[in-house]
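With this note's numbering applied, the sequence shown covers 93 to 398. Ideal placement from N, C-alpha and C gives every residue a C-beta, glycine not left out. Just so we're clear, the structure is a prediction, and the values are computed from it rather than from any experiment. These notes concern the structure reproduced below.
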Amino acid sequence: MNFIETDTCVLREEIENLKKTRNAVMLAHVYQRPSVQHVADFVGDSLDLSREASRTSADVIIFCGVRFMAETASILNPDKTVLLPQSAAGCQMAEMATAQQVRRRKEQLPADTAVVSYVNSTAEVKAESYICCTSANAVEVVNSVPQEHVLFVPDRNLASHVAANTEKRIIPWDGHCYVHDPNISPDSIRELMRLHPHARVMAHPECNEAVRRLAHFVGSTSQMLEFASESDSEEFIVGTEEGLLHPLQDQNPRKRFYATGSVCSSMRLTTLASVRRALDQMVEVVKTPEHIRERAAVALSRMLEV
Ligand code: 13P
Ligand code: SF4
């Protein structure tokens, strides 16, 4: 065993002890570093993690992901302490819509318009929304709203994916995730298809339409994991953030996965050392002001009921 491995073992042990002392549950998104995923009590996509956060009995939730994910956990659990080990871990797409912009846009739209916000949004935007969704349930959520028109905030690509699969009139916001669009491009996928002609192509709905058209399967990260496990194919091109390769390879050791190398810099900020520090010092607490939390909780609870 080398020094780096020894360090990791020590950190892992310290984190396990701190989790017990604090009665903490550690949640990690599938884009997190493998070392972080290994120590987590639960690894999943945004929807899995929201569900897990809504039913935990722990006193402390340490959220290894980005700010909107920790914020969601804190909105659903006002009496628990939610920690985001790296306070700078934001989501660039979530910052592309403000509550004020959403209110102004809604005023210009027909009266029967519902605001549906992707969970990759700020707490303030959630508070302006009728209901939230994730990439795993966006179509079902949109179909569940009573209104005919839907202002879909903030991802234009998920909005166009939903529009292609619903009768509702979708009005897209012009936000996007740089990791999926433009960093995963049709050319980068075509090149992987040329190198691996037998591979099935999977794409996240945050990819643009040209990339989604090349895909055999479009779905959230957890849906891609399910598709890869159930498919007879042995090779897959993965149109999402590179972190997903870890659980894909872990759950399917005989299959091969190829990604374009697109990385979310915020997701990489969390390390075992930052997890240990946050739990040890109980720092990097995420808390939403009560007047926003109450309204955002309604939109999130509606989603969890769908
Ligand atoms: P999932 O909802 O598939 O976990 O994706 C979250 C995300 O941030 C994608 O960029
Ligand atoms: Fe946000 Fe994109 Fe990173 Fe997901 S991958 S957290 S949408 S910046």
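Exposed or buried, which one is Pro297 when buried takes at least 16 other CB atoms within 10 Å?
buried
Separation of Val330 from Pro126, as counted between CA atoms:
17 angstroms
If you follow the alpha helix (DSSP H) that Val131 is in, where does it begin and where does it stop?
126 to 131
From what residue to what residue does the beta strand (DSSP E) around Ala295 run?
292 to 295
List the endpoints of the continuous alpha helix (DSSP H) containing Glu333.
No alpha helix (DSSP H) holds Glu333; DSSP gives it neither H nor E.
Less than 8 angstroms separating the beta-carbons of Phe160 and Asn212?
yes
Quick one: give me the first and last residue of the alpha helix (DSSP H) that Thr226 is part of.
It is not in any alpha helix (DSSP H) - Thr226 carries neither H nor E in the DSSP assignment.
By how many angstroms is the C-alpha of Val122 removed from the C-alpha of Ala255?
26 angstroms
Indicate whether Met294 and Phe244 have their beta-carbon atoms separated by less than 8 angstroms.
no
Beta-carbon proximity check, Val217 vs Val194, cutoff 8 angstroms
yes
Below 8 angstroms on the Cβ atoms is my guess for Arg143 versus Leu396; work out the distance and round it to an integer in Å.
7 angstroms
Please say whether Tyr210 and Pro264 have beta carbons closer to each other than 8 angstroms?
no
Straight-line gap, Ala186 to Ser149 (C-alpha atoms, nearest Å)
28 angstroms
Say the cut is 7 angstroms; is the CB of Cys224 nearer than that to a heavy atom of ligand 1?
no
By the three-class DSSP mapping on this structure, what secondary structure does Ile276 have?
coil
Report yes if the CB atom of Val237 is closer than 8 angstroms to the CB atom of Thr258, and no otherwise.
no
C-alpha gap between Ser325 and Glu318, whole angstroms
13 angstroms
Between which two residues does the alpha helix (DSSP H) holding Arg196 run?
191 to 199
Should Val378 and Glu163 be called a contact, given that it needs their Cβ atoms to be closer than 8 angstroms?
yes
Roughly how many angstroms lie between the CA atoms of Leu364 and Gln124, to the nearest whole one?
11 angstroms
Supposed close pair His253, Arg304 - CB separation, criterion 8 angstroms
7 angstroms
Pick out every residue whose C-beta is nearer than 7 angstroms to a heavy atom of ligand 2: which are they, in chain order?
Tyr123, Val158, Cys183, Gln184, Met185, Ala186, Asn212, Cys269, Tyr270, Val271, His272, Glu298, Glu333, Cys356, Ser358, Met359
Could you say if the region 346 to 364 and the region 281 to 288 meet the contact criterion of at least three C-beta pairs nearer than 8 angstroms?
yes
Cβ of Ser354 versus every heavy atom of ligand 1: is any distance shorter than 7 angstroms?
no
According to the Cβ coordinates, are His307 and Lys347 closer than 8 angstroms?
In the sequence on display, residue 307 carries Ala and not His. Contact flag unset, no.
Does the beta-carbon of His272 have 16 or more other beta-carbons within 10 angstroms, so that it is buried, or is it exposed?
buried
Relative to the C-alpha of Arg368, which residue among Ile154, Arg147, Leu250 is closest?
Ile154
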